[in-house]
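Novice:
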Amino acid sequence: MPLVAALLALMLAVPVLAAEVGFEEVEIPDGDAPPLTAGIWYPTSESAAPHSLGNVTQTVAPNAPIAGDRLPLVVLSHGGGGWYGSHYDTALALAHAGFVAAAVSHAGDTFDDQSHVLELWRRPAQLHRLVDYLLENWRGHERLDAARVGAFGFSNGGFTVLVAAGGIPDLSKVAPFCEVHPDHDLCETLRHAGVAPDFGAKVAAGAWVHDARIKAVVIAAPSFGFTFGRPGLSGVRAPVQLWSAADDLHQPHSWYDEPVRDDLPRTPDYHAVAGAGHYDFLPPCDARLARRRPEICGSRPGFDRAAFHQRFNAEVVQFFLAMPR
């Protein structure tokens, strides 16, 4: 390739830093079910200002014009009991770096709707609908580079993204796991909810929806990591950045993160975060939210969640900047 053409291709592939971030909330058709709700962050040239987003405040320009062309896309999947705003700071960092970042509230597994919490196969299908909407129906779909789609997920969202990228879990492993580890967080949760550990034993492999458009994956503290195994992860061909909280008491890394790390067909970009707990992958809480939700806002003494998120978001952005086409 001539030098000028090569430089032009490189310029087109690298997003331009955005001075401001636009934001909008959309509803996405979901078949016969109620529409899915999603948030979209994107580069804009319009001035931004502080606006409320649930219990937090973000500096954005609501419904502003979209700046740039051939913008790469990253879709985000939240953890159990979360919502599309759960990782707003990571979405903002991506948008400032020239990405479009879009997160869906996984109906049935949000803070205000736990009606389908263990129907894990619903989540990858919902993420697939989000990608469809962004590339085909969103008002800015012609501004996107359909060849550069990445996915980010935390906890149940990490599981979701692994499936979307080609993973096939075997949920029949949950029951024997809980026989050996009855006091484990997952098993206690199932017991308190009155749900048998074999809840997913009859889920067919064909129930899991994959999305070949996803070219790079970032996962943090993925749930149900032990259910994949090497055969179940053999279809994950996209490069993976994997984050593990060294002091995760909810999903110990020896059963969740490390099996994923060891069984992926390609060695991931692996980060073990010293002193971090499971919920330290969520953004820092303000004083009001910390009082309301201490179980997700508290960090171990000496762990600076705000400083960690600056580094975390920078690493996530850099990883997606290198996303292959």
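With mature numbering (1 follows the signal peptide of the UniProt record, and there is no 0) applied, the sequence shown covers -18 to -1, 1 to 307.
By construction, the Cβ of each residue, glycine as well, lies at the ideal position given by its N, Cα and C atoms.
Being a predicted model, the structure only gives us computed values, none of them experimental.
When DSSP builds the beta bridges, which residues end up paired with Ala85?
Specialist: To locate residue 85, count along the sequence shown from 1; it is residue 103. DSSP output for Ala85 lists Gly21, Leu58 as bridge partner(s).
Novice: Since Leu109 contacts Ala77 with CB under 8 Å, what's their CB separation in whole angstroms?
Specialist: Along the sequence shown, read from residue 1 onward, the residue named residue 109 stands at position 127. Along the sequence shown, read from residue 1 onward, the residue named residue 77 stands at position 95. Between Ala77 and Leu109 the Cβ distance is about 19 Å, and since that is not below 8 Å, they are no contact.
Novice: Quick check on the burial criterion: 16 or more other C-beta atoms within 10 angstroms. Buried or exposed for Val222?
Specialist: Taking the first residue of the sequence shown as 1, we reach residue 222 at position 240. With 16 or more Cβ atoms within 10 Å of its Cβ, Val222 is classed as buried.
Novice: First and last residue of the beta strand (DSSP E) that includes Glu28?
Specialist: Here residue 28 refers to the residue found at position 46 when the sequence shown is read from its first residue. No beta strand (DSSP E) holds Glu28; DSSP gives it neither H nor E.
Novice: Which of helix, strand or coil does DSSP assign to Ile201?
Specialist: As a first step, residue 201 is located in the sequence shown; it is residue number 219 there, counting from the start. Of the three classes helix, strand and coil, the one that applies to Ile201 here is strand, per DSSP.
Novice: Would you mind listing the alpha helix (DSSP H) stretches within the region 93 to 146 that are 4+ residues and don't spill past its ends, in chain order?
Specialist: 104 to 118, 138 to 146
Novice: What first and last residue would you give for the alpha helix (DSSP H) that runs through Gly211?
Specialist: Here the question's residue 211 lines up with position 229 in the sequence shown. Start and end: 211 to 215.
Novice: Closest to His253 by C-alpha separation, out of Asp95, Ser226, Leu271, would be which residue?
Specialist: As a first step, residue 253 is located in the sequence shown; it is residue number 271 there, counting from the start. If we check each option's Cα against that of His253, Ser226 comes out closest.
Novice: Tell me whether the beta-carbon of Phe301 lies closer than 8 Å to the beta-carbon of Ala258.
Specialist: As a working note, residue 301 is residue 319 in the sequence shown. As a working note, residue 258 is residue 276 in the sequence shown. No, the Cβ-Cβ distance between Phe301 and Ala258 is not below 8 Å.
Novice: Name the DSSP bridge partner or partners of Thr39?
Specialist: Indexing the sequence shown from 1 puts residue 39 at position 57. Per DSSP, Ser34.
Novice: Using three-state DSSP, classify Ala187 as helix, strand or coil.
Specialist: Translated into positions along the sequence shown, residue 187 becomes position 205. Three-state DSSP puts Ala187 in a helix.
Novice: Please look up how many angstroms separate the CB atoms of Ala228 and Val185, rounded, as I've assumed it's under 8 Å.
Specialist: Against the sequence shown, residue 228 aligns to sequence position 246. Against the sequence shown, residue 185 aligns to sequence position 203. With a Cβ gap of about 32 Å, Ala228 and Val185 do not count as contacting.
Novice: Out of Asp262, Arg125, Arg274, state which residue places its alpha-carbon closest to the alpha-carbon of Pro283.
Specialist: Start at 1 with the first residue of the sequence shown, and residue 283 comes out as number 301. The candidate whose alpha carbon is nearest that of Pro283 is Asp262.
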